[in-house]
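So the mapping is simple: this note's numbering equals the position in the sequence shown, first residue as 1, plus 7.
Heads up, the beta-carbon is just placed ideally off N, CA and C, and yes, glycines get one too.
Predicted, not measured: the structure shown is a model, and the values here were computed from it.
In what follows, a single structure is set out as C-alpha cells and then discussed.
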Amino acid sequence: MPTTSPDLKAAQFGIIGLGVMGENLALNLDDHHQSVAVWNLETEWVDRFVQNNADRHFVGAKSLQQFCHSLERPRRILMMIKAGDPVDQTLQKITPYLTPGDIVLDGGNSYFKDTIRREASARHILVHYFGMGVSGGKEGARYGASFMPGGAHAAYEQVAPILQAIAAKTDCGPCVTYVGPDGAGHFVKMVHNGIEYGDMQLIAEAYEILNRALGLDAQELSDIFGEWNRSPLESYLIEITSQILGIIDPESGNPLVNMILDKAGQKGTGKWTAQVALDLSVPIPTIAAAIDARMLSGMKDERVIASRLIKSSANASYSGDKKELIQAVHDALYASKICSYAQGMSLIRAGSDEWKWDVNLREMARIWKGGCIIRARFLDNIMRAFERQPDLPNLLLDAEFMAWLLRFEGAWRKLIATVVQMGIPVPAMSASLSYFDSYRSAQLPQNLTQAQRDFFGAHTYQRADRPSAGFVHTDWLGLLRLPKKGTFG
Numbered sequence: 008m009p010t011t012s013p014d015l016k017a018a019q020f021g022i023i024g025l026g027v028m029g030e031n032l033a034l035n036l037d038d039h040h041q042s043v044a045v046w047n048l049e050t051e052w053v054d055r056f057v058q059n060n061a062d063r064h065f066v067g068a069k070s071l072q073q074f075c076h077s078l079e080r081p082r083r084i085l086m087m088i089k090a091g092d093p094v095d096q097t098l099q100k101i102t103p104y105l106t107p108g109d110i111v112l113d114g115g116n117s118y119f120k121d122t123i124r125r126e127a128s129a130r131h132i133l134v135h136y137f138g139m140g141v142s143g144g145k146e147g148a149r150y151g152a153s154f155m156p157g158g159a160h161a162a163y164e165q166v167a168p169i170l171q172a173i174a175a176k177t178d179c180g181p182c183v184t185y186v187g188p189d190g191a192g193h194f195v196k197m198v199h200n201g202i203e204y205g206d207m208q209l210i211a212e213a214y215e216i217l218n219r220a221l222g223l224d225a226q227e228l229s230d231i232f233g234e235w236n237r238s239p240l241e242s243y244l245i246e247i248t249s250q251i252l253g254i255i256d257p258e259s260g261n262p263l264v265n266m267i268l269d270k271a272g273q274k275g276t277g278k279w280t281a282q283v284a285l286d287l288s289v290p291i292p293t294i295a296a297a298i299d300a301r302m303l304s305g306m307k308d309e310r311v312i313a314s315r316l317i318k319s320s321a322n323a324s325y326s327g328d329k330k331e332l333i334q335a336v337h338d339a340l341y342a343s344k345i346c347s348y349a350q351g352m353s354l355i356r357a358g359s360d361e362w363k364w365d366v367n368l369r370e371m372a373r374i375w376k377g378g379c380i381i382r383a384r385f386l387d388n389i390m391r392a393f394e395r396q397p398d399l400p401n402l403l404l405d406a407e408f409m410a411w412l413l414r415f416e417g418a419w420r421k422l423i424a425t426v427v428q429m430g431i432p433v434p435a436m437s438a439s440l441s442y443f444d445s446y447r448s449a450q451l452p453q454n455l456t457q458a459q460r461d462f463f464g465a466h467t468y469q470r471a472d473r474p475s476a477g478f479v480h481t482d483w484l485g486l487l488r489l490p491k492k493g494t495f496g
C-alpha cells in the first residue's frame, strides 16, 4: 500500500527545484494526471507556485523530510537543480528519508562520471539513481521534452510510463528510451549538447557568410533560413534562426539580432565533450571548433583592438552569382552538419564501448526527433543508417550519407575557398571539410610525425611494410653519421 505522511495527501511524483525547468515539468506532470509534490530551497517559491496553481494537484512541502513523507512508495523523485555540489548536498539531505526501492532522477546537466559515482553509492542503500538528460528548454519541459535516462533497467520500467506520457511525441513514438546503466544518460546528453554546439556554430557561419559576402539584411536572411527550413535542412535551430532574424528591437527599431553583443556563453557540457573525446581518442573537430569559436567571441576587447591594428590582404568583396552563393552555403551547411553528427555518434559509440553501456544509436536518433534542441528532419536519415547497419562505425560510411556528401562536395570546397580568400572565419565548416578529407584518406602525413617523435623521444613506430611486427626504434643520429650512398672517402 502507498505510504504517506498523515498530514499531507499522497503525491505520485516529487520534484526538487522550482526553476524554469522544474516548474514546467511539474505542470506537464499534472497535465498527465500525476499528483506532484514540490520542494525548493527557497520555501517562498513553493508557496508562490502552489498558490498560482491552486486548481491543480500540487503538494507544497516546506522541508525535505515533509517532501519525502508526502510521496507514495516507492518514491519517484526528480531533481531539477544546478549540477555539481548542489546535487551531492541534496542527496545527502534526502538520503535519511529514502527507503529501499525508491527512485531518484537527476535531470540536470551533471557530469556523467559524477553520475556513475552517485549511482554506485545509491545502490548500496538499495535506492535506484538515474542520471537523466533532459533537452527541450522551457517549452519542452512544459509540453514535451526529450529524455535520456541512465540507470538500472528494472527500475526504469517503473518510471517509463510517466516519462513516456510527458515526453515529446513524433511519428516514431515518445522521445524517451532506456539509454543504459549508471552514467549513460548523462553521457549521451553531454554529447547531444556538443552536437548542439556544432550545429549552432555552423548556422552562425552560414549567417555570417550571407551577411558579409552578399550584404543581406536581417529580413532577407530570415526569409532564406525560412526557405531552408522547408528543405532537408529543416530543424528547430534553423526554424528559430529564421524567427530571430525577423524580430525588430522595439527600443532601437533595428533588427534585434544586430543589437546583441557578439559574445557567446557556455555552461560546460561542450567543454566536457571535447575533454572526453580526447580521453577516448575520438576526433570531433567540428564540435571543438565551435567551442573555440565561443571562447574567441569572449575576447571582444582584444578583437576590437586587433581589428584596428591587423590589416589583412583578404579581398572583402564578392563578385560572383548571388543565388549560386546562397545555394553553396546551404549545401556546405548540410555537409558540415553530417560531419558534426558523425563525430557525435562516433563519440557515443566509443563511450558505450568504454563503459559497457550498450547504447542503441538508432534509438538516440529517434528520441532526438522531437522535443530536444537538435531535433531535425535529418534524424530520420540517421535512424535509417543504423537500421541498415547497427554497428556502423561512422555515418560517413553509410551509402545515403555518402551520396549526400559527394553531391555537395564541389559547392562545399568552392565556398570554403571563396570565404577564406575574403577573410570570413568559418572554423566549423573548415573543420568539417578537413574531417571529411582526413577520414577518406588512406595515407596521412603522420608517418612524419611519428618519425619526429621517435627521433627526439625514442617513442618508436610501426613499419608500413610489416605493421604487425610491432614497434621499433631507429638510431636516427647514427644513420645521419653514415656516409651517403654514392659518396667516397
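Looking at the unbroken beta strand (DSSP E) that takes in residue i, where does it start and where does it end?
i    : result
V43  : V43 to W46
H135 : H135 to S142
P156 : S153 to G157
R83  : R83 to M86
L252 : Looking at the DSSP string, L252 is not in any beta strand (DSSP E); the run it does join, the alpha helix (DSSP H), is Y243 to L252.
F65  : F65 to G67
F385 : Element bounds for F385: n/a, residue is neither H nor E.
G21  : F20 to I23
Beta-carbon within less than 6 Å of residue i's beta-carbon, same chain only, minus the 5 sequence neighbours each way: which residues are those?
i    : result
F194 : F119 and G358
W483 : F462
Q457 : Y468
A300 : Q208 and P434
For the putative contact between residue i and residue j, defined by C-beta atoms under 8 Å, what is the C-beta separation to the nearest angstrom?
i    : j    : result
G430 : A339 : Incorrect: roughly 17 Å between the Cβ atoms, too far for contact.
L332 : Y325 : 7 Å
A313 : A295 : Not quite, the Cβ-Cβ distance comes to about 22 Å (not below 8 Å), so this is no contact.
Q334 : A418 : 7 Å
I210 : T248 : 6 Å
V53  : I22  : With a Cβ gap of about 11 Å, V53 and I22 do not count as contacting.
F385 : K344 : 7 Å
G26  : M86  : Not a contact, Cβ separation roughly 11 Å.
Could you tell me which of the options sits nearest to residue i, measuring between CA atoms?
i    : options                   : result
C179 : G377, P434, V427 and M86  : G377
R125 : H64, E146 and D189        : D189
M436 : Q226, E370 and K421       : K421
L78  : I101, A90 and I345        : I101
I132 : R447, T106 and Y214       : T106
G144 : D95, A175 and L402        : A175
D398 : S353, D54, R237 and S343  : S353
Q428 : R219, K196 and D37        : R219
P93  : P103, D113, P81 and L403  : D113
I355 : Q457, D308, A284 and E407 : A284
T97  : G477, R473 and N47        : N47
I251 : V134, R55 and M266        : M266
M155 : L368, F74, G260 and G477  : L368
So, at 8 Å on beta carbons, what are the nonlocal neighbours of residue i in its own chain, with the 5 sequence-adjacent residues on each side left out?
i    : result
S4   : This structure gives no information on residue 4, because the portion of the chain shown stretches from 8 to 496.
I381 : S142, H199, I202, E203, D206, S242, Y243, L244 and W375
V479 : T467, Y468, Q469 and R470
Are residue i and residue j touching if we call contact CB-CB under 8 Å?
i    : j    : result
I88  : G115 : yes
T293 : S128 : no
W364 : G187 : yes
Y150 : N35  : yes
R395 : D405 : yes
A213 : V336 : yes
G253 : G192 : no
V183 : Q171 : yes
Y348 : I389 : yes
G29  : C379 : no
D269 : S304 : yes
R82  : D109 : yes
F443 : L487 : no
I298 : G272 : no
E227 : N236 : no
Please return the same chain residues whose Cβ sits closer than 7 Å to the Cβ of residue i, not counting the five positions on each side in sequence.
i    : result
T177 : K376 and G377
Q58  : none
G496 : With a pLDDT of 45 at G496, under the threshold of 50, the modelled position of this residue cannot be trusted; read the value that follows with caution. Here the set comprises nothing.
Beta-carbon of residue i versus every beta-carbon of chain D: anything under 8 Å?
i    : result
V134 : Looking at the structure shown, chain D is missing, and only one protein chain is on hand.
What span of residues does the alpha helix (DSSP H) with residue i cover, start to end?
i    : result
D328 : Here D328 belongs to no alpha helix (DSSP H), and DSSP marks it neither H nor E.
V111 : Where V111 is concerned, there is no enclosing alpha helix (DSSP H), although the beta strand (DSSP E) it sits in stretches over I110 to D113.
T3   : Examination of residue 3 is not possible in this model, given that the chain is present from 8 through 496 alone.
M266 : Where M266 is concerned, there is no enclosing alpha helix (DSSP H), given that its DSSP letter is neither H nor E.
G192 : A191 to L221
I123 : F119 to H131
D461 : Q453 to G464
M482 : Per the sequence shown, residue 482 should be read as Asp rather than Met. D482 -> no alpha helix (DSSP H), and no H or E assigned at all.
N35  : V27 to D38
T276 : T276 to D286
V166 : H160 to I173
W364 : Taken as a continuous stretch (DSSP letters only), W364 belongs to no alpha helix (DSSP H), as it is neither H nor E.
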